[in-house]
Every structure is written in structure tokens, then in C-alpha cells.
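*Asks:* Handing you this structure, nothing more for now.
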Amino acid sequence: MEKIIVDKNVCIGCGFCAANCEEIFTIEDDGLATAKDNDLNNMSEEEKETVLDIKEGCPVGAIKVEEE
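Using my numbering, the letters of the sequence shown correspond one by one to residues 11 to 78.
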């Protein structure tokens with residue numbers, strides 16, 4: 011299963027991910043991003059493409075897709 015991981019040790023809370031896909035990403039009370047739904051396998055092809063685009067656009071590279 012592929013999971014979306016936001017590395018909170020790297021995230022700066024700029025909001026890029028949440029602003030571009032609020033269905034999947036959110037900014038938590040600590041000011042850092044998290045993936046609300048982190049199972050990439052349950053997403054449509056369009057959602058997967060969006061997540062991968064956001065991953066590439068993250069200014070600090072905090073978003074990862076990992077095999078679990």
C-alpha cells in the first residue's frame with residue numbers, strides 16, 4: 011500500500027499543499043501539514059496525479075509517497 015507522508019521535521023507550514031488540495035491535505039493546530047487521507051491506493055487517478063504534483067511542488071520536499 012502506498013501512503014502519503016508529510017515529514018513534520020521538514021514541513022514549514024507554508025500551506026502550499028492544503029491550498030492546492032484541501033480534500034487531502036490540511037494544516038493542523040501545530041501549524042504543520044498532514045494528509046487527511048493518506049492511502050494513495052484508494053484515490054482516483056486524478057487525485058493521485060494531484061498529490062504527486064503537490065509533492066513535487068512542496069518547497070521543502072516534506073511530502074513523500076512510501077510503500078507500507
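Glycine included, C-beta positions come from ideal geometry on N, C-alpha and C. Given the structure is predicted, the values throughout are model-derived calculations rather than measurements.
If the criterion is Cβ atoms closer than 7 Å, does the pair C27 and I64 meet it?
*Replies:* Working through the sequence shown from its first residue, we reach residue 27 at position 17. Working through the sequence shown from its first residue, we reach residue 64 at position 54. Yes.
*Asks:* At which residues does the alpha helix (DSSP H) containing V20 begin and terminate?
*Replies:* Residue 20 sits at position 10 when you count from the first residue of the sequence shown. Careful: V20 lies outside any alpha helix (DSSP H) and carries neither H nor E.
*Asks:* Between which residues of its own chain and E78 is the CB-CB distance below 7 Å, once the five residues before and five after are set aside?
*Replies:* Working through the sequence shown from its first residue, we reach residue 78 at position 68. Cβ within range, chain order: M11 and K13.
*Asks:* Under a Cβ-count criterion, where at least 16 other Cβ atoms within 10 Å of its own Cβ denotes burial, should A79 be classed as buried or exposed?
*Replies:* Shown here, the chain extends from 11 to 78; a query on residue 79 therefore has no answer.
*Asks:* Can you list, in chain order, the residues of its chain with a C-beta nearer than 8 Å to that of V8? Leave out the 5 residues immediately preceding and following it.
*Replies:* Missing from the structure shown is residue 8; the chain here goes from 11 to 78 and no further.
*Asks:* Quick one: what does DSSP say I37 is sitting in, helix, strand or coil?
*Replies:* On the sequence shown, residue 37 is found 27 positions in, with the first residue counted as 1. Correct three-state label for I37: strand.
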